[in-house]
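**Q** In UniProt numbering, the protein residues as written are 1 to 245.
Glycine included, each C-beta is placed from N, C-alpha and C at the ideal position.
Note that the coordinates shown come from a computational prediction; the quantities given were computed from them, not determined experimentally.
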Ligand SMILES: NC(=O)c1ccc[n+]([C@@H]2O[C@H](COP(=O)([O-])OP(=O)(O)OC[C@H]3O[C@@H](n4cnc5c(N)ncnc54)[C@H](O)[C@@H]3O)[C@@H](O)[C@H]2O)c1
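(1) Note down, in chain order, each residue of its chain lying with its Cβ closer than 8 Å to the Cβ of residue 207, except the 5 sequence neighbours on either side.
(2) Beta carbon of residue 105: closer than 6 Å to some heavy atom of ligand 1?
(3) Are residue 3 and residue 46 close, meaning C-beta to C-beta below 7 Å?
(4) Just tell me which of 180, 97 and 54 has its CA closest to the CA of residue 153.
(5) Could I get the ranges of all uninterrupted beta strand (DSSP E) runs contained in the stretch 64-109, with 3 residues as the minimum, in chain order?
(6) Any heavy atom of ligand 1 closer than 6 Å to the beta-carbon of residue 197?
(7) Please report how far the alpha carbon of residue 14 lies from the alpha carbon of residue 203, in whole angstroms.
(8) What number of angstroms, rounded off, separates the C-alpha of residue 29 from the C-alpha of residue 5?
(9) Check for me: the beta strand (DSSP E) holding residue 188 runs from which residue to which?
(10) Would you check if the distance between the CB atom of residue 100 and the CB atom of residue 77 is smaller than 7 Å?
(11) Between which two residues does the alpha helix (DSSP H) holding residue 144 run?
(12) Flag residue 58 as yes when its Cβ comes closer than 6 Å to any non-hydrogen atom of ligand 1, and as no otherwise.
This is how it looks when you write it as structure tokens:
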């Protein structure tokens, strides 16, 4: 039986994780904590894995506490850049028994979309990302878009591709998106959306569009449960659910 605690338990994702853990016969929900609850109560609680779906502002201090107290962590909260990942790696190095999974996207289809986009990135002259989310999301671009863009940038570099053609000399600020690595990323926020992403490729005489749509938060749960099961048997930082698939 895996003992699980959830941080951000009253949030949209956290509430879903609480339900999924309770419904899983191999897991037991030890604590469902939200803003204002002390993490100290997790010490000595027998918790094996803590799942964090809080906010980019809160997650770093949560991780500092949890890793230093020997707890494995599955992190869905977004907003991680290279500097933050380096801090987590250091924390893990000082606590070698701990496993941490940080996954910008737990939807299996989204993980596959990133893999396909990374493959296609080697072959097309032009590539851009449009990510679309609900208007309550606090960070832009999304963690998934940033991760996809970084993977695509690395793939373009390995393939020795030249910089993308773009004749723009005058533009309104933001009109061409934000660059993540070499890839322009455009963020749309609108009521009614959940989490969606299009990766558009252009080459001589053809385009390719890869699109993933999360239409319900339940779609993230198989990936979260997979992360909980796997993280207890690894040590150090794992970045991306693909490493566990
Ligand atoms: N990785 C993925 O697959 C995935 C999918 C969807 C959302 N997300 C990310 O997950 C995060 C949460 O998303 P959401 O839509 O559930 O947000 P939300 O605003 O609905 O929920 C966040 C919850 O965290 C709580 N919280 C804030 N600070 C806290 C702290 N210090 N300790 C404990 N709880 C705290 C808030 O009170 C709130 O209940 C965001 O960063 C979002 O981008 C990731």
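**A** So, to answer that:
(1) These residues qualify, in order along the chain: 200 and 201.
(2) For residue 105, the CB falls within less than 6 Å of some heavy atom of ligand 1.
(3) Going by beta carbons, residue 3 and residue 46 fall inside the 7 Å limit.
(4) Of 180, 97 and 54, the residue nearest in Cα terms is 180.
(5) Counting only runs of 3 or more, we get 72-75 and 99-102.
(6) Every heavy atom of ligand 1 is 6 Å or more from the Cβ of residue 197, so no.
(7) For residue 14 and residue 203, the distance between alpha carbons rounds to 41 Å.
(8) Cα-Cα distance, rounded: 6 Å.
(9) Start and end: 183-189.
(10) No, these two residues do not count as a Cβ contact at 7 Å.
(11) Where residue 144 is concerned, the enclosing alpha helix (DSSP H) stretches over 143-159.
(12) At least one heavy atom of ligand 1 sits closer than 6 Å to the Cβ of residue 58.
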